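In this note's numbering, the protein residues as written are 110 to 377.
All remarks here apply to the structure that follows.
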Amino acid sequence: AILDVEKDVKAVAVVYNETSTGVTLRSLPDIGKITRKKGILLIVDAVSVLLGDHLPVDDWGIDLCVAGSQKCFACPPGLAMVSVSEKAYEAAEKNKFRPFNHDFLLWRDFKARLETPFTPSIPLYYALDEALNMLMEEGLENRIRRHTICAETFYKTFENLGLEIVAKNEFRSNTVIVPYIPENINVDEFRRVLREKFKIAVAGGVGKLKGKVIRIGSMGVVSTYEVLATINGIIKTLKMFNYKPKNKLKKIVLEAKETLSQLKNFKF
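Here you go:
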């Protein structure tokens with residue numbers, strides 16, 4: 110509706126996977142249909158989710174999709190990957206004030222002769238090349254499925270423990286899981302115990318969720334071992350804070366293992 114009122118909008122920018130809440134924008138395909146119909150550029154921040162969830166860039170009408178090497182690519186940090194549509198190139202060509210650093214037209218020209226416009230980080234290129242080899246061995250659909258299964262395991266476990274999840278079912282992220290911690294437990298102290306006793310590091314909340322939630326990154330090479338270790342650490346830490354779970358712990362752990370058993374034939 111706002112695009113019908115604001116006639117001079119050139120682009121719409123959205124975050125596909127919001128990491129402070131663990132919410133994934135499931136309406137992204139519909140947004141793409143609208144921007145495509147109106148001839149507006151669609152810019153998507155997919156840093157924390159590309160390869161961890163479905164994102165058919167062309168089918169969804171995404172003109173600029175931005176990702177990072179350090180998340181679901183399972184690669185060292187330091188590289189940004191940006192896909193650029195023909196519509197985005199055309200918009201860049203019409204721009205009278207071309208940027209110095211992020212000039213897509215300049216990058217396109219250098220790409221044609223297999224060069225980069227500035228000195229690249231060669232070690233990171235080699236790391237990315239190997240990360241992509243690993244992706245090809247695992248398969249894109251398998252990688253997305255692995256992230257989905259790991260996330261499902263976390264969500265089922267927290268529900269069985271009686272912990273509420275910030276995101277509603279239909280918007281839950283495959284890569285960032287954000288459960289509320291019981292009000293009578295100090296979140297900073299909870300994170301400290303989890304880190305020092307069990308060597309599991311989780312992030313705290315930000316903004317209005319600060320002091321109320323923990324944030325678990327489940328991406329990259331995360332699989333059965335890491336998920337179970339994290340669940341085990343969280344359960345034991347909750348127990349140290351005298352938290353009484355909704356269901357019996359044995360049942361919770363068995364159900365987590367059963368969900369993760371779907372990964373037994375995966376290659377990664």
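Glycine residues also receive a C-beta, built at the ideal position from the N, C-alpha and C atoms.
If you're wondering where the values come from, they're calculated on a predicted model, not measured in any experiment.
{"Asked": "Segment contact flag, the segment 308-323 with the segment 279-297, C-beta cutoff 8 Å, min 3 pairs", "Found": "yes"}
{"Asked": "DSSP bridge partner residues for Met190 (one or two, in chain order)", "Found": "Ala176"}
{"Asked": "Supposed contact pair Gly141 and Gly170 - C-beta distance, whole angstroms, cut 8 Å", "Found": "3 Å"}
{"Asked": "Neighbourhood of Glu202 by C-beta distance below 7 Å, restricted to the same chain and skipping five residues each side", "Found": "Leu214"}
{"Asked": "Ala120 - containing beta strand (DSSP E), residue span", "Found": "120-124"}
{"Asked": "Through-space distance from Asn210 to Leu159, alpha-carbon basis", "Found": "24 Å"}
{"Asked": "Whole-angstrom distance between Ser192 and Leu134, CA atom to CA atom", "Found": "19 Å"}
{"Asked": "Residue nearest to Thr381 in terms of C-alpha spacing, selected from Asn341, Thr228, Gly248, Phe182", "Found": "A question about residue 381 goes unanswered here, because the residues of the chain that appear run from 110 up to 377."}
{"Asked": "Inter-residue Cα distance where the pair is Arg255 and Lys116", "Found": "42 Å"}
{"Asked": "Spatial neighbours of Ile253 in its chain, beta-carbon cut-off 8 Å, leaving aside the 5 residues before and after", "Found": "Leu160, Gly161, Asp162, His163, Asn283"}
{"Asked": "Whole-Å CB distance - Ala260 paired with Ala183, under 8 Å assumed", "Found": "At roughly 16 Å, the Cβ-Cβ gap does not stay under 8 Å, so Ala260 and Ala183 are not in contact."}
{"Asked": "C-alpha distance - Arg301 paired with Ile309, whole-angstrom precision", "Found": "9 Å"}
{"Asked": "CA-to-CA distance, Ile343 to Lys366, given in whole angstroms", "Found": "15 Å"}
{"Asked": "Among Lys119, Val287, Glu199, Leu249, nearest to Thr266 - alpha-carbon criterion", "Found": "Val287"}
{"Asked": "Ala120 versus Asp168, Lys196, Leu188, Lys180, residue with shortest Cα-Cα distance", "Found": "Lys196"}
{"Asked": "At least three beta-carbon pairs within less than 8 Å, the segment 266-277 to the segment 351-361", "Found": "yes"}
{"Asked": "Euclidean distance between Cα positions of Lys348 and Val156", "Found": "35 Å"}
{"Asked": "In DSSP terms, what Asp162 is bridged to", "Found": "Leu159"}
{"Asked": "Entirely enclosed alpha helix (DSSP H) segments - the segment 220-260, minimum 4 residues", "Found": "231-247"}
{"Asked": "Assigned secondary structure, Gly141 (DSSP; H/G/I helix, E/B strand, else coil)", "Found": "helix"}
{"Asked": "For Lys345, the nearest candidate out of Lys317, Arg304, Gly314 (CA to CA)", "Found": "Arg304"}
{"Asked": "Strand pairing of Arg281, partner residues [DSSP]", "Found": "Val132"}
{"Asked": "Where Glu292 sits in the DSSP three-state scheme", "Found": "coil"}
{"Asked": "Top-ranked residue by Cα proximity to Ser370, from Lys359, Leu337, Ile143, Lys357", "Found": "Leu337"}
{"Asked": "C-beta contact flag for Lys180 and Gly313 at 8 Å", "Found": "no"}
{"Asked": "CB contact flag (Asp172, Leu150, <8 Å)", "Found": "yes"}
{"Asked": "Close-in-space but distant-in-sequence residues of the same chain around Met190 (CB under 6 Å, 5 per side omitted)", "Found": "Ala176"}
{"Asked": "Residue of Ile143, Leu237, Val166 minimising C-alpha distance to Pro186", "Found": "Leu237"}
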